[in-house]
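This report refers to the structure that appears directly beneath it.
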Amino acid sequence: MNQVLKLVFPLCVTLVLVLTGCRHTELLVPAGTVGPTLRVADSPGTWSGSDMLLFSAGGDLVTMRPDGSERYILTAPVTYEGASAWSPDGLYVAYAAAEAGNGDIWIAPWNVLGDPERYTNITQRPDVDDSGPCWSPDGRHIAFASFRNGNWGIYTADLLIYEEFIDPLVLQQQRLTINKGFEGHPAWFPDGSWIAYTSDRGFRWQIYLTDPDGAYTIPMTGTTNLRSTAYPAWSPDGSYLAFASTFDENWDIYVMQTDGSGLKQLTSHPAADWHPAWSPDGRWIAFVSDRSGISDIYLVSADGMVLIQVTNTVEPEDYPVWQVPISEVISFR
Numbered sequence: 002m003n004q005v006l007k008l009v010f011p012l013c014v015t016l017v018l019v020l021t022g023c024r025h026t027e028l029l030v031p032a033g034t035v036g037p038t039l040r041v042a043d044s045p046g047t048w049s050g051s052d053m054l055l056f057s058a059g060g061d062l063v064t065m066r067p068d069g070s071e072r073y074i075l076t077a078p079v080t081y082e083g084a085s086a087w088s089p090d091g092l093y094v095a096y097a098a099a100e101a102g103n104g105d106i107w108i109a110p111w112n113v114l115g116d117p118e119r120y121t122n123i124t125q126r127p128d129v130d131d132s133g134p135c136w137s138p139d140g141r142h143i144a145f146a147s148f149r150n151g152n153w154g155i156y157t158a159d160l161l162i163y164e165e166f167i168d169p170l171v172l173q174q175q176r177l178t179i180n181k182g183f184e185g186h187p188a189w190f191p192d193g194s195w196i197a198y199t200s201d202r203g204f205r206w207q208i209y210l211t212d213p214d215g216a217y218t219i220p221m222t223g224t225t226n227l228r229s230t231a232y233p234a235w236s237p238d239g240s241y242l243a244f245a246s247t248f249d250e251n252w253d254i255y256v257m258q259t260d261g262s263g264l265k266q267l268t269s270h271p272a273a274d275w276h277p278a279w280s281p282d283g284r285w286i287a288f289v290s291d292r293s294g295i296s297d298i299y300l301v302s303a304d305g306m307v308l309i310q311v312t313n314t315v316e317p318e319d320y321p322v323w324q325v326p327i328s329e330v331i332s333f334r
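Under our numbering, the first residue of the sequence shown is numbered 2, with each subsequent residue one higher.
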């Protein structure tokens with residue numbers, strides 16, 4: 002049995018235990034319209050200035066360093082809808098975008114100035130909506146959610162991406178999950194062996210696992226919980242899972258070890274906190290909160306000690322993801 006499979010079963014039991022409280026020692030709020038001047042106090046480590054965030058802002062896709070610098074808008078002839086994802090080598094961006102009234106998954110080579118040379122629609126289904134792309138660790142597959150046959154399911158697209166940046170070839174698309182309700186928010190395990198996702202097949206939204214072939218389905222957070230759990234995000238080394246849950250009545254960010262131990266509530270606020278995303282070094286989790294009256298990007302340290310507000314604009318921001326540092330990239334072509 003796969004080691005990850007052995008580890009996730011205790012998760013179903015642990016999530017019903019009493020959650021620990023969150024402990025924030027300082028809230029850092031931006032003074033301007035975009036991004037704060039970081040003053041990280043009582044943090045688990047120093048901030049890396051090389052990290053880059055990608056997130057949606059209104060109808061645009063934006064990249065920015067967490068200190069507010071180097072903010073660029075990724076231009077495109079289509080309207081962005083929902084989540085996006087950087088490829089493991091940092092050279093491509095996958096995103097959901099609407100054209101002719103429906104959402105498709107597109108990929109584009111990343112240009113630091115926000116002006117990609119071209120855009121490729123990899124799903125091309127005018128009769129359905131696709132959303133929430135997530136790259137496999139080897140960069141050869143994209144998992145996504147799609148509304149086909151009357152319900153949302155998890156699919157994968159197998160890709161052949163060329164060194165010369167010509168249009169990639171889509172080899173096949175495959176449905177992994179079968180459920181009459183909703184399934185979405187796929188998150189690939191760092192070694193590529195499993196995909197976590199959100200499903201409503203129980204009483205509430207819960208997190209499930211499937212293998213890349215769709216042969217196995219495992220309920221990670223149970224099937225009869227009275228509180229919802231969603232938006233799974235694996236730590237870079239695969240030892241922790243971050244997620245959003247309504248265990249404390251409203252949506253907050255939680256983290257726990259993959260073996261089911263170390264459950265911790267990282268945020269506690271009457272507003273909704275969701276869409277967690279780990280930094281490449283595993284020290285921070287970016288997430289979205291509407292605690293200021295509009296959706297903004299925040300960071301919380303992995304131990305829950307420091308909370309940082311990254312954006313403070315008049316437009317809603319959502320779906321943060323991180324770029325892998327180029328020094329850590331291993332080409333998959």
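Glycine included, each C-beta is placed from N, C-alpha and C at the ideal position.
In this structure, TRP275 sits near TYR232, with a CB-CB distance shorter than 8 Å.
Cβ-Cβ separation between PRO321 and ALA278: approximately 5 Å, consistent with a contact (criterion under 8 Å). Nearest to GLN258 by alpha-carbon distance, out of SER236, THR199 and TRP153, is SER236. Per DSSP, reduced to three states, the secondary structure at TYR156 is strand. A residue is called buried when at least 16 other Cβ atoms come within 10 angstroms of its Cβ; LEU300 meets this threshold and is buried. Secondary structure at TRP136: strand, using DSSP grouped into helix, strand and coil. In the displayed model, ASN103 falls within a strand according to three-state DSSP. In this structure, the straight-line span from the alpha carbon of GLY83 to that of ASP139 is close to 23 Å. In the DSSP assignment, PRO191 falls outside any beta strand (DSSP E) and carries neither an H nor an E. In the DSSP annotation of this structure, the continuous segment of the beta strand (DSSP E) that includes TYR241 starts and ends at 241-249. At the C-beta level, TRP206 and SER229 come within 8 Å of one another. Per DSSP, the unbroken beta strand (DSSP E) holding VAL322 starts and ends at 318-323. Contact annotation, TYR198 with GLN175: C-beta distance approximately 14 Å; criterion of less than 8 Å not satisfied.
Rounded to whole angstroms, LEU62 and ARG72 show a C-alpha spacing of 11 Å. Residue state for ALA86 is assigned as strand, using DSSP reduced to three classes. In the three-state reduction of the DSSP assignment, GLY185 falls in the strand class.
Across the structure, ILE74 and CYS135 are spaced so that their CA atoms are roughly 21 Å apart. In the three-state reduction of the DSSP assignment, ARG292 falls in the coil class.
Shortest Cα-Cα distance from PHE183 to any of LEU170, GLY203, TRP153 and ASP212 involves TRP153. Around the beta carbon of LEU170, fewer than 16 other beta carbons sit within 10 angstroms, so the residue counts as exposed. A Cβ-Cβ contact shorter than 8 Å links SER200 with ASN180. Taken through DSSP and simplified to helix, strand or coil, MET306 comes out as coil. In the DSSP assignment, ILE143 falls within the unbroken beta strand (DSSP E) covering 142-149.
Ranked by Cα distance from ALA95, the first of THR121, SER70 and ASN103 is THR121. Here ARG176 carries a strand assignment [DSSP, helix/strand/coil]. C-alpha of HIS270 to C-alpha of ASP249: approximately 9 Å in a straight line. Exposure of LEU161 is indicated by the presence of fewer than 16 other C-beta atoms within 10 angstroms of its C-beta. If you check the CB distance, LEU92 and GLN324 do not come in under 8 Å. Its chain contains ILE295 and SER296 as the residues whose beta carbon lies nearer than 6 Å to that of PRO317, once the 5 sequence neighbours on both sides are disregarded; these appear in chain order. A direct Cα-Cα distance of roughly 44 Å separates GLY263 from GLU100. Ranking GLY239, TYR217, TYR81 and ALA216 by CA distance to the CA of ASP192 puts GLY239 first. Secondary-structure assignment with DSSP links PHE56 through a beta bridge to VAL63. In this structure, the beta-carbon distance from ALA97 to GLY59 does not fall below 8 Å.
A direct Cα-Cα distance of roughly 15 Å separates ASP90 from SER280.
The C-beta of ASP131 has 16 or more other C-beta atoms within 10 Å across all chains shown, which makes the residue buried.
Residue environment for THR224: exposed (fewer than 16 other C-beta atoms within 10 angstroms of its C-beta).
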